[in-house]
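Just so you know, we're using full-length UniProt numbering here: the sequence shown kicks off at 1 and counts up by one.
Some notes on the structure that comes next.
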Amino acid sequence: SNLMFILKPCFMMSPLSVAYYIDLDKMKPFDVVIFDEASQIMPEDAVSSLIRAKQAIIVGDSQQLPPTTFFITIDEGIEIDEELEDLTSILDEAAISLPNKYLRWHYRSKDERLIAFSNKRFYENRLVTFPNNQINPENMGIEYVYVKDGIYDRGGSRKNYREAQKVVELVENH
1 SNLMFILKPC FMMSPLSVAY YIDLDKMKPF DVVIFDEASQ IMPEDAVSSL IRAKQAIIVG
61 DSQQLPPTTF FITIDEGIEI DEELEDLTSI LDEAAISLPN KYLRWHYRSK DERLIAFSNK
121 RFYENRLVTF PNNQINPENM GIEYVYVKDG IYDRGGSRKN YREAQKVVEL VENH
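Right under this line is the structure:
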């Protein structure tokens, strides 16, 4: 059973996959488990990985979206309160007692205008960004398109048919 660890000493798995595929009683513990985007992981989902590890590294951004019930399939007759408070993440729980490190450099946005609002509003302009290296940055291909009554179905499917149809129309006409 430990042959898998010898042949493939590094695994990239979701917490659910760890619980399903890694037998707690038959496998030796992981040396370390790393949670990336930990602001999106509910503590109860992280437990299966944590109990199989000697150490944990929890990486995330408290300013990012918390876990959500948006994509959970709702069984008939079960209602989820739309006004629920933000769900707790493994990042929230870890921040209570573990040391943290703030990373100032923002590399993801090819145009710093994409992060400018968030940098000001959520990060107090502490993020270091890179200026755009494009000669003509005004024609970046991003356009806001208003869709009248473009709201998702809160009754069950949570799909937004009007916006989806508009996207199809725009793609076909591109």
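No residue lacks a Cβ here, since even glycine has one placed at the ideal position from N, Cα and C.
Quantities reported herein were computed from a predicted structural model and do not represent experimental measurements.
query	result
Have a look at R113, Y152, D149 and I58 and flag the residue whose alpha-carbon is nearest the alpha-carbon of I142.	R113
Go ahead and label T68 buried or exposed: buried means 16 or more other beta carbons lie within 10 angstroms of its beta carbon, across all protein chains shown.	exposed
With a CB to CB cut of under 8 Å and the five nearest residues on each side skipped, what residues in its chain are close to V166?	Note that residue 166 is Lys in the sequence shown, not Val. If we look at K166 and ignore the five residues flanking it on each side, its Cβ neighbours are V145, V147 and G150.
In the DSSP assignment, the beta strand (DSSP E) including D31 goes from what residue to what residue?	F30 to F35
I'd like the list of long-range same chain contacts for E93, defined as Cβ closer than 6 Å, with 5 residues on each side in sequence excluded.	P43
How big is the Cα-Cα spacing for I6 and L65?	37 Å
Is it true that the CB of D45 sits closer than 8 Å to the CB of L87?	no
So the candidates are P29, S39, L98 and P131; which of them puts its Cα closest to the Cα of P9?	P29
Whole angstroms are fine: how far does the CA of Y102 sit from the CA of R126?	10 Å
With a threshold of 16 other CB atoms inside 10 Å of the CB of A38, please say whether the residue is buried or exposed.	buried
Do I90 and I41 have their C-beta atoms closer together than 8 Å?	yes
Just the Cα atoms here: how many angstroms apart are P131 and Y20?	45 Å
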